[in-house]
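Numbering (the numbering used here), first residue to last: 1347 to 1470.
To start, the structure itself, in structure tokens.
Next comes the structure, spelled out in structure tokens:
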């Protein structure tokens, strides 16, 4: 009888350890996704500036138009949808942002900066 209890205790410890490892791996994966999104936002922001330079300071109407000019630009998708929200505010201003998974925050870029937190365009 004592042998069975010892085996159950060992199995319980192994199970708890396995759950902790899975939680840790999930958090790491979420952080990796967020790092990729931040990098992508910065790259897209550079491509937007290049696009505007070539088009008399006018930004594209949407990201698909940008991808025609920069086919090497990778827009990662999540379940088939682009992770990035883009809005041309007027011809000379834009806002680009994505929601982060691990921080429950927003990473945004506009024609002036790229940073964490919300901006006026993420509220609309």
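Here a beta-carbon is modelled for each residue, glycine too, at the ideal position from N, C-alpha and C.
Residue burial classification, residue i (beta-carbon count within 10 angstroms, cutoff 16)
| i | result |
| --- | --- |
| residue 1358 | exposed |
| residue 1321 | Absent from the structure is residue 1321, since the part of the chain shown begins at 1347 and ends at 1470. |
| residue 1446 | buried |
| residue 1440 | buried |
| residue 1373 | exposed |
| residue 1348 | exposed |
| residue 1432 | buried |
| residue 1401 | exposed |
Assigned secondary structure, residue i (DSSP; H/G/I helix, E/B strand, else coil)
| i | result |
| --- | --- |
| residue 1355 | helix |
| residue 1478 | Nothing about residue 1478 can be reported from this structure: the residues present for the chain run from 1347 to 1470 only. |
| residue 1443 | strand |
| residue 1400 | helix |
| residue 1450 | coil |
| residue 1393 | helix |
| residue 1405 | coil |
| residue 1415 | helix |
| residue 1425 | Note that residue 1425 has pLDDT 46, beneath the 50 cutoff, so the model's placement of it is unreliable and the number below is only indicative. Correct three-state label for residue 1425: coil. |
Integer Cβ distance of residue i from residue j, believed to fall under 8 Å
| i | j | result |
| --- | --- | --- |
| residue 1397 | residue 1412 | 6 Å |
| residue 1387 | residue 1442 | 6 Å |
| residue 1404 | residue 1437 | 4 Å |
| residue 1448 | residue 1395 | Not a contact, Cβ separation roughly 28 Å. |
| residue 1434 | residue 1407 | 6 Å |
Bridge partners - residue i, DSSP secondary structure assignment
| i | result |
| --- | --- |
| residue 1436 | 1439 |
| residue 1431 | 1443 |
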